[in-house]
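Visitor: Listed in order, the protein sequences are those of chains A and B. The first sequence begins at 26 in the working numbering and counts up by one. The second sequence begins at 50 in the working numbering and counts up by one. Got a structure here, written out as C-alpha cells. Questions coming.
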Amino acid sequence: DGGITQSPKYLFRKEGQNVTLSCEQNLNHDAMYWYRQDPGQGLRLIYYSQIVNDFQKGDIAEGYSVSREKKESFPLTVTSAQKNPTAFYLCASSGSGVGNQPQHFGDGTRLSIL
Amino acid sequence: QKEVEQDPGPLSVPEGAIVSLNCTYSNSAFQYFMWYRQYSRKGPELLMYTYSSGNKEDGRFTAQVDKSSKYISLFIRDSQPSDSATYLCAGITSGTYKYIFGTGTRLKVLA
Chain A
26 DGGITQSPKY LFRKEGQNVT LSCEQNLNHD AMYWYRQDPG QGLRLIYYSQ IVNDFQKGDI
86 AEGYSVSREK KESFPLTVTS AQKNPTAFYL CASSGSGVGN QPQHFGDGTR LSIL
Chain B
50 QKEVEQDPGP LSVPEGAIVS LNCTYSNSAF QYFMWYRQYS RKGPELLMYT YSSGNKEDGR
110 FTAQVDKSSK YISLFIRDSQ PSDSATYLCA GITSGTYKYI FGTGTRLKVL A
C-alpha cells in the first residue's frame, strides 16, 4: 500500500542528545514536510522540501535540522539546541503542482524527554 | 488573529445525528481547502479536498466553502461512534507550499 511511514512511534531523548526521526514515503511525491503538533496549538511547520537536495525553514525551524538526499526520505533531527522538544511530530508529503495537491500524513512520532 | 480558526469543542452528538463542523479563515488568497480526521495518537487522514467556493460530497461527508464569508464547513450525515475524532480544517494559496491548519474540533458521537 502507498503511504508514509514514520519511525519510531515513541522516542525518548536525554539532555544534550540529538535524536533523528525517520520519514519514508512511497507515494512518489515531490514535496515533504515536518510538523510539530502540541495540544491546543495545531500543526506548526518545521521544515519542508520541494525537491531532492533542497529544503526550506518553516515557522519553527530553530533547534531542528533536516536532509533530503532521496526523494522518498526526509529525516528530521531534533538537536540539543531545541529546549522544548516534547511533542507529536508529523511528516507529510504532497504531489507536484503547487497548491493543487493535498497533503498526506504519516502516523507520527511522539518524542519525550527523559 | 489566527489565519484559520476552529472551535475546539468537544462537540457531543447522538448516533445518527447530522454533524456540522466549521472553520473561519482570514486569508482571502486561500484557494484550496481540506478537511482531515485525526484519531488519538494517529496522523491526520484526508477526508475532503475542495477548490474555491461550492459544495463537494463524498459518501456521508459534504464539504462546503463560502469564500465571500471566509467560512468552510464539513457536514457528516448519519454520524457513527467511529466518527469520534478531532477534525482539522486547512487552507492553502495556490503557488505556495504553506498549508495553514486550524487547531481542530473534537467530536464525540454517543452510541
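Where a beta carbon is used, it is the ideal one built from N, C-alpha and C, also for glycine.
Report yes or no: do three or more beta-carbon pairs, one from the segment 89–98 of chain B and one from the segment 118–137 of chain A, lie closer than 8 Å?
Guide: yes
Visitor: Using the rule of at least 16 other Cβ atoms within 10 Å of the residue's Cβ for burial, across every protein chain shown, is residue 73 of chain A buried or exposed?
Guide: buried
Visitor: Name the residue from B:137, B:127 and B:142 whose alpha carbon lies nearest to the alpha carbon of residue 96 of chain B.
Guide: B:137
Visitor: In chain order, what are the residue ranges of uninterrupted beta strand (DSSP E) at least 3 long that sit wholly in the segment 56–95 of chain A?
Guide: 56–63, 67–76, 79–82 and 89–91
Visitor: List, in chain order, every chain A residue whose beta-carbon is nearer than 9 Å to that of residue 95 of chain B.
Guide: 127, 128, 129 and 130
Visitor: Just to make sure I have the definition right: I need the residues of chain B whose C-beta is within less than 8 Å of the C-beta of residue 133 of chain A. Which are they?
Guide: Listed by position along chain B, the residues whose Cβ is nearer than 8 Å to that of residue 133 of chain A are 90, 91 and 92.
Visitor: Out of A:61, A:106, A:69 and A:35, point me to the one whose CA is closest to residue 23 of chain B's CA.
Guide: Outside the shown range of chain B (50 to 160) lies residue 23 of chain B, about which nothing can therefore be said.
Visitor: With 7 Å as the threshold, decide whether the Cβ of residue 152 of chain B is near any Cβ in chain A.
Guide: Closer than 7 Å to the CB of residue 152 of chain B there is at least one CB belonging to chain A.
Visitor: Would residue 136 of chain B pass as an interface residue toward chain A - the criterion being a Cβ-Cβ separation below 7 Å?
Guide: no
Visitor: Anything in chain E within Cβ reach of residue 148 of chain B, meaning under 7 Å, just list it in chain order.
Guide: Note that chain E does not occur in the displayed structure, where the protein chains are A and B.
Visitor: For residue 31 of chain A, write down the residues that DSSP places opposite it in a beta bridge.
Guide: A:48
Visitor: Just to make sure I have the definition right: I need the residues of chain B whose C-beta is within less than 7 Å of the C-beta of residue 120 of chain A. Which are they?
Guide: Here the premise fails: no neighbours, minimum Cβ distance about 12 Å.
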